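Numbering (my numbering), first residue to last: 7 to 358. For glycine and all other residues, C-beta sits at the position ideal for the given N, C-alpha and C. Just so we're clear, the structure is a prediction, and the values are computed from it rather than from any experiment. Contents: one structure, followed by commentary.
This is how it looks when you write it as structure tokens:
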């Protein structure tokens, strides 16, 4: 268990003290945030703030994970490597988008189709590999059974599983990307969700069928090591939040938001709690739905809007709410979602 603490502590340290160096490097290179003119006018003061801060989140989480294993002499797991590969590849996709924006000095990076294509390809690779690499107990990182708060008895074919993974990854990575519109909003909400994955991973390990035999045990490969990786991501995001909190000294950019969203989906798939991702990432779901509702209503009514602006946090900004007020209230919503998700997870175990 100590590798969880070591992983989180190292990632926190690297992120907390490494971010200022990244801020100075990005500022010296002139890699500042491009602000859209059609957004809230209060955001214009953020123009030029260093972006692509997701670089330090990814680096810190990787260092935390691998150094903790080097210190404890515990082998890395296939499940954690697959999740790692997913969020690093999506981070690279986001970096390409950020790079195009800052190099062109316009809020035009990759097109929507290019982003979706990249997310689909990386998610398909993750899903395709995840249903292989069975361990000595014939457990694969991703199950062929539909999972809610645990695996159900409904078996899906490999193609259906990969399609489900693609939907999850694209939804969560875009959801975090949409949420990353206020200083610290997506980062803080991500910390809560990653901490939930730590608790779930530890619980599934302690109640694993090959640790505690019984009718209520979990058949999940590498849950403890996934908890170690989740702890490193929670630590990395916490250290970054110190500098990303309002008024932000740096933004994570698409480099960070796409990577974090991919990690959320990756953990849900490998911990076999796919549908539990909805309450655990409740804030991301709400904000994504606000965009979908706005667009559908706009098309159906030929130009009318439900919200003053989507995503939802911009609606409240235009209503006159202060940024910090919105941030704290949305964090409360994120916390309630995480509490609901953990409650459903534990209640299902107690019921059985």
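(request) Evaluate the contact criterion for the region 132-151 versus the region 176-191: three or more CB pairs, one atom per stretch, below 8 angstroms. (result) At 8 angstroms Cβ cutoff, the stretches do not touch.
(request) Take the Cβ of residue 285 as the centre, count every other Cβ of all protein chains shown within 10 Å, and call the residue buried at 16 or more, exposed below. (result) buried
(request) Express the C-alpha separation of residue 238 and residue 68 in angstroms, rounding to a whole number. (result) Each residue's alpha carbon lies about 7 angstroms from the other.
(request) Can you tell me which of 13, 348, 76 puts its alpha carbon nearest to the alpha carbon of residue 209? (result) Each of 13, 348, 76 was checked against the Cα of residue 209, and the nearest Cα belongs to 348.
(request) May I ask you to list the residues that DSSP assigns as paired with residue 151? (result) 161
(message) Taking its Cβ as the centre, do 16 or more other Cβ atoms sit within 10 Å of residue 222, making it buried, or is it exposed?
(response) exposed
(request) Rank 168, 146, 184 by C-alpha distance to the C-alpha of residue 262 and give the top, closest one. (result) 184
(request) Note down, one range per segment and in chain order, each beta strand (DSSP E) of at least 3 residues found wholly within the region 296-346. (result) none
(request) Go ahead and pull the three-state DSSP assignment for residue 37. (result) The three-state secondary structure of residue 37, taken from DSSP, is coil.
(request) Can you grab the Cα-Cα spacing for the pair residue 19 / residue 100, in whole Å? (result) 24 angstroms
(message) Please tell me whether residue 178 and residue 270 are closer than 8 angstroms, where the distance is taken between their beta carbons.
(response) yes
(message) For a test of the three-state rule: what should DSSP assign to residue 135, helix, strand or coil?
(response) helix
(request) Identify every residue that forms a DSSP beta bridge with residue 352. (result) Beta-bridge pairing links residue 352 to no other residue.
(message) In the DSSP output, which residue or residues are listed as bridge partners for residue 60?
(response) In DSSP, residue 60 forms no bridge with anything.
(request) Run through the region 215-298 for me and flag every whole alpha helix (DSSP H) of 4 or more residues, listed as ranges in chain order. (result) Here the runs fully enclosed are 229-250, 259-276, 283-286.
(request) Would you check if the region 246-263 and the region 19-28 touch, i.e. whether three or more CB-CB distances between them fall below 8 angstroms? (result) yes
(request) Answer yes if the region 300-312 comes into contact with the region 229-238, meaning at least three C-beta pairs across the two stretches below 8 angstroms, and no otherwise. (result) no
(request) Check whether the region 314-322 touches the region 283-303, taking contact to mean three or more Cβ pairs, one atom from each stretch, closer than 8 angstroms. (result) yes
(request) Give the C-beta separation of residue 60 and residue 97 to the nearest angstrom, bearing in mind that I take them to be a contact with Cβ-Cβ under 8 angstroms. (result) 6 angstroms
(message) Within the continuous alpha helix (DSSP H) that includes residue 140, where are the two ends?
(response) Looking at the DSSP string, residue 140 is not in any alpha helix (DSSP H), and its letter there is neither H nor E.
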